[in-house]
Amino acid sequence: KAGVTQTPRYLIKTRGQQVTLSCSPISGHRSVSWYQQTPGQGLQFLFEYFSETQRNKGNFPGRFSGRQFSNSRSEMNVSTLELGDSALYLCASSSRGGTQTDTQYFGPGTRLTVL
Amino acid sequence: QKEVEQNSGPLSVPEGAIASLNCTYSDRGSQSFFWYRQYSGKSPELIMSIYSNGDKEDGRFTAQLNKASQYVSLLIRDSQPSDSATYLCAVNQEGRPANSGGSNYKLTFGKGTLLTVNP
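Read top to bottom, the protein sequences are chains A and B.
For the first sequence, the numbering used here gives the first residue as 10, with consecutive numbering after it.
For the second sequence, the numbering used here gives the first residue as 78, with consecutive numbering after it.
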């Protein structure tokens, strides 16, 4: 079974631009979560989608948004990029997303650099 | 602010030794706990999950959970140089009940412990 895929793997943008990242979950998985990883803050939860609905959101500004499509693929968007948005953005999928014993599997990540 | 704390390390052990990684969490309502391993430049991969108090063993790995003390640990026996990585402790925080259609899936990660196993 193919794993979680993310595109693109690397991105370079300048301040003020916007960016869209894509995530395809493991086949059959309906829950997709997004995380930001930086050396200083570690892994931080952005949001989680299930059946096209955002169910959980972390403490990030409104410039960070996402959506999920009917095939469970998800995109996240960051508008008005700031230097501090440079990070590894990780997507993780799980089968049910609503039970405490569910397990998340991570994709390879998208490395975003903001200049 | 619900937190997950880990010793940042680096933790250095000789090959063949036992590596002990520790994690504490602040949310007493947390129900599920995970250990992920992350090699440099790679994404996290799941090593162990544990939901009940006590020990859970899988090969060379043993996870230990003590909810009363809000403490979870990972022991790696017979450590190998290939175990050298950052180990992330993750806690699933309490949220809306699953049967309400909501999600109680919101992992909070510690900042990780860098483990180095020396040949």
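Note that the Cβ used here is the ideal one computed from N, Cα and C, for glycine as well.
Since the structure is predicted, the reported quantities are computational estimates derived from the model, not experimental observations.
Pair within 8 Å by beta-carbon distance, residue i and residue j
{"i": "residue 110 of chain B", "j": "residue 124 of chain B", "result": "no"}
{"i": "residue 193 of chain B", "j": "residue 87 of chain B", "result": "yes"}
{"i": "residue 86 of chain A", "j": "residue 104 of chain A", "result": "no"}
{"i": "residue 28 of chain A", "j": "residue 101 of chain A", "result": "no"}
{"i": "residue 97 of chain A", "j": "residue 118 of chain A", "result": "yes"}
{"i": "residue 142 of chain B", "j": "residue 129 of chain B", "result": "yes"}
Alpha carbon of residue i to alpha carbon of residue j, nearest angstrom
{"i": "residue 61 of chain A", "j": "residue 40 of chain A", "result": "9 Å"}
{"i": "residue 19 of chain A", "j": "residue 95 of chain A", "result": "11 Å"}
{"i": "residue 169 of chain B", "j": "residue 124 of chain A", "result": "34 Å"}
{"i": "residue 66 of chain A", "j": "residue 99 of chain A", "result": "15 Å"}
{"i": "residue 196 of chain B", "j": "residue 157 of chain B", "result": "8 Å"}
{"i": "residue 90 of chain A", "j": "residue 26 of chain A", "result": "5 Å"}
{"i": "residue 21 of chain A", "j": "residue 31 of chain A", "result": "15 Å"}
{"i": "residue 83 of chain A", "j": "residue 11 of chain A", "result": "16 Å"}
{"i": "residue 91 of chain B", "j": "residue 102 of chain B", "result": "28 Å"}
{"i": "residue 120 of chain A", "j": "residue 112 of chain B", "result": "23 Å"}
{"i": "residue 175 of chain B", "j": "residue 132 of chain B", "result": "Confidence is the limiting factor: at residue 175 of chain B the pLDDT is only 41, short of 50, which leaves the residue's position unreliable and the question unanswerable from this model."}
{"i": "residue 144 of chain B", "j": "residue 68 of chain A", "result": "26 Å"}
{"i": "residue 134 of chain B", "j": "residue 140 of chain B", "result": "6 Å"}
{"i": "residue 70 of chain A", "j": "residue 122 of chain A", "result": "18 Å"}
Listed by chain order, chain B residues near residue i by CB distance under 8 Å
{"i": "residue 93 of chain A", "result": "The contacting residues do not exist; residue 93 of chain A stays about 17 Å from chain B at best."}
Residue nearest to residue i in terms of C-alpha spacing, selected from the options
{"i": "residue 57 of chain A", "options": "A:38, A:49, A:91, A:22", "result": "A:38"}
{"i": "residue 84 of chain B", "options": "B:160, B:93, B:146, B:97", "result": "B:97"}
{"i": "residue 187 of chain B", "options": "B:150, B:194, B:195, B:159", "result": "B:150"}
{"i": "residue 48 of chain A", "options": "B:184, B:167, B:163", "result": "B:163"}
{"i": "residue 127 of chain B", "options": "B:189, B:119, B:118, B:148", "result": "B:148"}
{"i": "residue 165 of chain B", "options": "B:90, B:93, B:121", "result": "B:121"}
{"i": "residue 80 of chain B", "options": "A:90, A:72, A:51", "result": "A:51"}
{"i": "residue 34 of chain A", "options": "A:23, A:90, A:80, A:76", "result": "A:80"}
{"i": "residue 42 of chain A", "options": "B:191, B:117, B:183", "result": "B:183"}
{"i": "residue 107 of chain B", "options": "B:191, B:152, B:146", "result": "B:146"}
{"i": "residue 190 of chain B", "options": "B:95, B:155, B:105, B:114", "result": "B:114"}
{"i": "residue 24 of chain A", "options": "A:78, A:36, A:93, A:112", "result": "A:93"}
Chain A residues whose Cβ lies nearer than 8 Å to that of residue i
{"i": "residue 121 of chain B", "result": "52, 99, 115"}
{"i": "residue 185 of chain B", "result": "54"}
Segment limits, beta strand (DSSP E) that includes residue i
{"i": "residue 75 of chain A", "result": "73-77"}
{"i": "residue 131 of chain B", "result": "131-135"}
{"i": "residue 128 of chain B", "result": "First-last for residue 128 of chain B: undefined, no H or E at that position."}
{"i": "residue 4 of chain A", "result": "Chain A is shown from 10 up to 124; residue 4 of chain A falls before or after that span and cannot be answered."}
{"i": "residue 91 of chain B", "result": "88-91"}
{"i": "residue 140 of chain B", "result": "138-143"}
{"i": "residue 148 of chain B", "result": "148-153"}
{"i": "residue 82 of chain B", "result": "81-83"}
{"i": "residue 19 of chain A", "result": "19-22"}
{"i": "residue 13 of chain A", "result": "Premise fails: residue 13 of chain A is in no beta strand (DSSP E) and is neither H nor E."}
{"i": "residue 96 of chain B", "result": "96-102"}
{"i": "residue 156 of chain B", "result": "First-last for residue 156 of chain B: undefined, no H or E at that position."}
{"i": "residue 84 of chain A", "result": "83-87"}
{"i": "residue 111 of chain B", "result": "109-115"}
Proximal residues of chain B, C-beta to C-beta of residue i below 7 Å
{"i": "residue 84 of chain A", "result": "Within 7 Å Cβ-Cβ: nothing; residue 84 of chain A doesn't reach chain B, min ~18 Å."}
Residues that residue i contacts on chain A, provided the C-beta gap is smaller than 9 Å
{"i": "residue 165 of chain B", "result": "51, 52"}
Closer than 7 Å at the beta carbon, the chain A residues around residue i
{"i": "residue 188 of chain B", "result": "51"}
Cβ-heavy atom distance, residue i to the ligand SAM, below 7 Å
{"i": "residue 88 of chain B", "result": "Within the structure as shown, the ligand SAM is missing, as the structure has no ligands at all."}
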